[in-house]
Amino acid sequence: MSARPITVSDLDRFIFVQQPRISPNGEHVVFAAKKLGPKNKYITHLYLTDLATGEQRQITSSGSSNSNPIWSRDGERIFFVSKREPEESSQIYQLSLLGGEASKVSNFPEGSIGGVKLSPDGQKLAVVFRKLGEDRTQAAAKARAESGESEPPKVINSISFRMDGDGYFCDDRYTVWIVDLASGSTNELYTQCPFGHYAFSWEPGSESLVLTHSKFEKIYSREPANDVAVRVRLTGEFHELTSLPIGSKDEVEVSPNGEWIAYIGYADDSDDRGDLNRRVFLMQKDGSGVRCLTENVDVCFSTGVNSDTKSDDGRGLMWSPDSKAIYLQHAEHGAVNLSFVNVETGEYHLLTEGEQVLLNGNISADGSKFACVVGSSTRLMEVAVLDLDDANHQPKVISHFNDELLGEIEVFQPSTIWLKTEEGTPLQAWYIQSSKPNCPTVIEVHGGPHMMYGYTFMHEFQLLAAAGYHVVYSNPRGSKGYGEAHTKAIRGSWGVEDWQDIQTVLEWTMQQSWCDASRIGIMGGSYGGYMTNWAVGHTKEFKSAITDRCVSNLVSKAGNSDYIWRPNGYWPGEAFGDLDSIKVLWNQSPIAYFNQVVTPTLVIHSEGDLRCNIEQSEQVFAALQHMGVKTRFIRYPASTSHGMSRNGPADMKRHRLQQILDWWEETLR
């Protein structure tokens, strides 16, 4: 039977695997799998694979959200986070491999769990948890409904009061708690982070943790970027580790032997928006002797690959059990592979290679096997195991949730090309040729901007190719994966070097025999929306455009995002005060050039977007309406967020994709 074209509704059959964890003895892998369930809701359950027999079975059945599995030290139990009842807050449960029902081991008040780690002795859990304010609990909402009172106002005292995908948390903050597995007690331990974002790791004795967190409450305001490292004893005593360089410190991990502390960060006080390489730093257990292990490796070790079918970002830093090496995710040229750095010598090596995205899960107790997820441009992510005793160092896939669907549909293999700009800057790009005749072309621009397109399955790209559109996409300057200079080239200066690179892609596209130069569209989301807006304001080469959850006005965006801008930080100038300072931001705002736009444009945005406020798209729509340009505005409800195309409700994702197809059919044919 011949393969059929992929459809919008095929996304309902995608199963997203995440959080693979291999057992200490290396014999089993537990992982979470998310799929569409009843009433258009995604459900997540845990699965267990026996590596010797290949047997795979679902091990949770209650609730709709079961995630973050952690093996007990003896490998006989699995701890996980679960929300069992609609009116119940998420709690931590344990499940025996011998069978039986899962039992609850935590007793948190209403709130949200942000991270869980098991102590080395297996007797305690360290948990990052945020307690919900009393006026925002379900009990308070029920009381108001019974009395007829209105929803309470939000009282805000900090500049950090919301986060896209998380909502408005106002003055509530994550703190560090300890769950004692023997007694069942759940107690708050540490509350000193003004912002509430922690990285944390147990020390070998199980009596203390090392934490890193922001030093300032107004972390996006005028203070320099700086995190502190703190040792916290279970008695509540704590002290800061001094003599550390200024800058970001995340993904902190204490070595198994307790002699070293490693973290991913950068030694810079800049207002960073992701354009600096995150490097690996190492210090002795008392905080002395800090050194960068990857100073000579021009790679960012905490970067992401853009995908609408990826639900796991992996673990950026893992110690080898013998404390001699640190394993990392090496993201370069659109691929992500496993690498390691020798702690003593600083020697750096790639363990895997290839046009794939391999995201770390964890390592077995003997250091011989990794659990991971792996995918490519033509394969959705699946769970895999990497055996270091295998000379090929290639992951063996152990889950096959998406095989049946992939066997039915026509999957297009993207072609990779390398271009050069006029001044000689290398530029990686990909193109997908539709198998249909007489096709228009769509150029896609990724968000970020400091991330990258790469070797992941993109439903949107495959759908466009199946519907009869050639697709071209690239990693212009500003993208990750090509060294820090490539990323920093657009720092505080969007619409210059990056626009030159998009024009290089456009010129190459127009020269191809399969391209009709009179029928090229451009689209992108977030920063990709910025660049789409910039393109239609600076050229008439595009026949049509789609700007999705866009940035249009840097002046207004400076203060209406969950990531507000520090005056004269990443961006020169400031959005208040001196007019000349404001002009710096205005001159780089696409909306400033919309009096020149003639390109029909579809505008897409979510009313619940806290990253790029919907007013950014409202300005675009208003300007186009005033200019008499053909336009349509699709507004998704406040229950959706900036990441709707990746993690939103299935019906909203389907609607968005259909609107895209309809717009191109209407304006690009």
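For our numbering, count along the sequence shown from 1 and bump the result up by 2.
Glycine included, each C-beta is placed from N, C-alpha and C at the ideal position.
Residue i versus the options, residue with shortest Cα-Cα distance
i, options, result
"residue 373", "85, 144, 129, 397", "397"
"residue 276", "482, 122, 158, 62", "482"
"residue 677", "512, 238, 245, 131", "For residue 677 there is no data in the structure shown, the boundaries of the chain being 3 and 671."
"residue 593", "609, 625, 488, 586", "625"
"residue 82", "76, 90, 94", "94"
"residue 344", "294, 383, 354, 333", "294"
"residue 468", "509, 416, 25", "416"
"residue 292", "299, 281, 300", "281"
"residue 334", "346, 47, 304", "304"
"residue 647", "586, 550, 561", "550"
"residue 241", "660, 287, 296, 279", "287"
"residue 299", "485, 587, 577, 561", "485"
"residue 316", "274, 362, 272", "362"
"residue 330", "314, 296, 347, 458", "296"
"residue 307", "353, 376, 113, 324", "376"
"residue 402", "56, 74, 649, 502", "56"
"residue 19", "53, 25, 60, 5", "60"
"residue 674", "423, 419, 442", "Any property of residue 674 remains undetermined from this structure, which presents the chain solely from 3 to 671."
"residue 454", "89, 23, 489", "489"
"residue 168", "651, 668, 654, 641", "641"
"residue 71", "471, 543, 364", "364"
"residue 15", "149, 125, 404", "404"
Separation of residue j from residue i, as counted between CA atoms
i, j, result
"residue 400", "residue 140", "41 Å"
"residue 116", "residue 176", "8 Å"
"residue 589", "residue 595", "9 Å"
"residue 260", "residue 206", "6 Å"
"residue 357", "residue 378", "7 Å"
"residue 153", "residue 137", "9 Å"
"residue 77", "residue 30", "9 Å"
"residue 533", "residue 570", "22 Å"
"residue 665", "residue 656", "14 Å"
"residue 445", "residue 506", "12 Å"
"residue 104", "residue 97", "5 Å"
"residue 670", "residue 332", "39 Å"
"residue 326", "residue 214", "23 Å"
"residue 545", "residue 600", "9 Å"
"residue 383", "residue 143", "40 Å"
"residue 146", "residue 559", "35 Å"
Pair within 7 Å by beta-carbon distance, residue i and residue j
i, j, result
"residue 28", "residue 290", "no"
"residue 111", "residue 133", "yes"
"residue 85", "residue 67", "yes"
"residue 430", "residue 477", "yes"
"residue 525", "residue 519", "no"
"residue 328", "residue 264", "yes"
"residue 319", "residue 253", "yes"
"residue 21", "residue 35", "no"
"residue 461", "residue 13", "yes"
"residue 557", "residue 614", "no"
"residue 63", "residue 46", "no"
"residue 604", "residue 637", "no"
"residue 450", "residue 337", "no"
"residue 352", "residue 341", "yes"
For residue i, three-class secondary structure by DSSP
i, result
"residue 477", "coil"
"residue 256", "strand"
"residue 535", "helix"
"residue 22", "strand"
"residue 45", "strand"
"residue 215", "strand"
"residue 597", "helix"
"residue 68", "strand"
"residue 660", "helix"
"residue 310", "coil"
"residue 146", "helix"
"residue 29", "coil"
"residue 453", "coil"
Contact belief for residue i with residue j at Cβ below 8 Å, rounded distance in angstroms
i, j, result
"residue 427", "residue 381", "Their Cβ separation, rounded to whole angstroms, is 31 Å, which puts residue 427 and residue 381 out of contact at 8 Å."
"residue 8", "residue 411", "4 Å"
"residue 212", "residue 127", "The Cβ separation is near 16 Å, so there is no contact."
"residue 442", "residue 522", "7 Å"
"residue 537", "residue 504", "7 Å"
"residue 494", "residue 574", "5 Å"
"residue 216", "residue 255", "About 19 Å separates the two Cβ atoms, so there is no contact after all."
"residue 166", "residue 643", "5 Å"
"residue 659", "residue 10", "5 Å"
Within-7 Å CB hit, residue i to chain C
i, result
"residue 243", "Going by chain labels, chain C is absent from the structure shown, which holds only one protein chain."
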